[in-house]
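Read the structure below first, then the notes.
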Amino acid sequence: MNDLTNLLSRLRDQRPVEWEQFPDFSLYMDQLLSYMDRQVLRFDGDDGLTAAMVNNYTKSGLAPRAQGKKYGREHLAYFTVICVLKRVMSTRDMDLLIREELRDRPVKEGYAAFCQSLDQALNITAGELAGRAGEGDDSALADTAIHFALLSYAAGVAGSRCVALLRERKEPPAKGKKEKERD
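Numbering (this note's numbering), first residue to last: 108 to 290.
Put into structure tokens, the structure is as follows:
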């Protein structure tokens, strides 16, 4: 199986587990890290979750603290979301979105909504990849890479703008800025 066929297969098939499929027992840190490697698409060991990251995300309040030294279903849901989003946005933006998504619903429901959106995004990407030429020559591979880089750019602009609009609604402007505008 060539590399793009493998990628296409993983885009179509690999998904984080549903809430009910999370282990019904708590995990220690090393088990959490190993579990997260299977929750998200990764190639060649690129930017996986580390113990230092878990500690930093927990200290910043982005993820709940471990219960003792163990991580349960809620932790697995939070870290799955974080592992996906950390590739495309800042911790500050992730914090805003996670808090907003969980404001009026339990973690289980927020996680299900996240997985549904991720599934749609992966299916769209798989469809785009399937419609492009095979690995072929370097030029075709470069064209495919440019295509997806530009899609990423466009989606990133849209996502960043939505976060900025949400932040404007949730966070009052700094006092100094409004006062200067009135003068």
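Glycine is no exception: its CB is placed at the ideal position from the N, C-alpha and C atoms.
When rounded, the separation of the alpha-carbon atoms in residue 137 and residue 281 is 42 Å.
Spatial neighbours of residue 124 in its own chain (CB-CB distance under 8 Å, excluding positions within 5 residues in sequence) are listed in chain order as 146. Cβ contact annotation for residue 166 (same chain, cutoff 7 Å, sequence separation greater than five): none. For residue 254 and residue 186, the gap between their C-alpha atoms comes out near 29 Å. The Cβ atoms of residue 177 and residue 134 sit closer than 8 Å to each other. According to the DSSP secondary-structure assignment, residue 177 is paired through a beta bridge with 174.
In the pairwise beta carbon analysis, the stretch 209-219 is classified as not touching the stretch 263-282: fewer than three pairs are separated by under 8 Å. Between residue 189 and residue 170 the beta-carbon gap is near 6 Å, inside 8 Å, which marks them as a contact. At the C-beta level, residue 183 and residue 274 stay beyond 8 Å of one another.
By the Cβ criterion, the stretch 216-232 is not in contact with the stretch 157-164, since fewer than three pairs of Cβ atoms, one from each stretch, lie closer than 8 Å. A distance below 8 Å between beta-carbons, with the five flanking residues on each side excluded, links residue 149 to the following residues of its chain, in chain order: 155.
Rounded to the nearest whole angstrom, the CA to CA distance from residue 227 to residue 220 is 11 Å.
At the C-beta level, residue 139 and residue 236 stay beyond 8 Å of one another. Taken in chain order, the complete alpha helix (DSSP H) segments of 4 or more residues contained in the stretch 217-270 number zero; there are none. Annotation for residue 239: 251 place their beta carbon closer than 6 Å to its own, counting only its chain and skipping 5 residues before and after.
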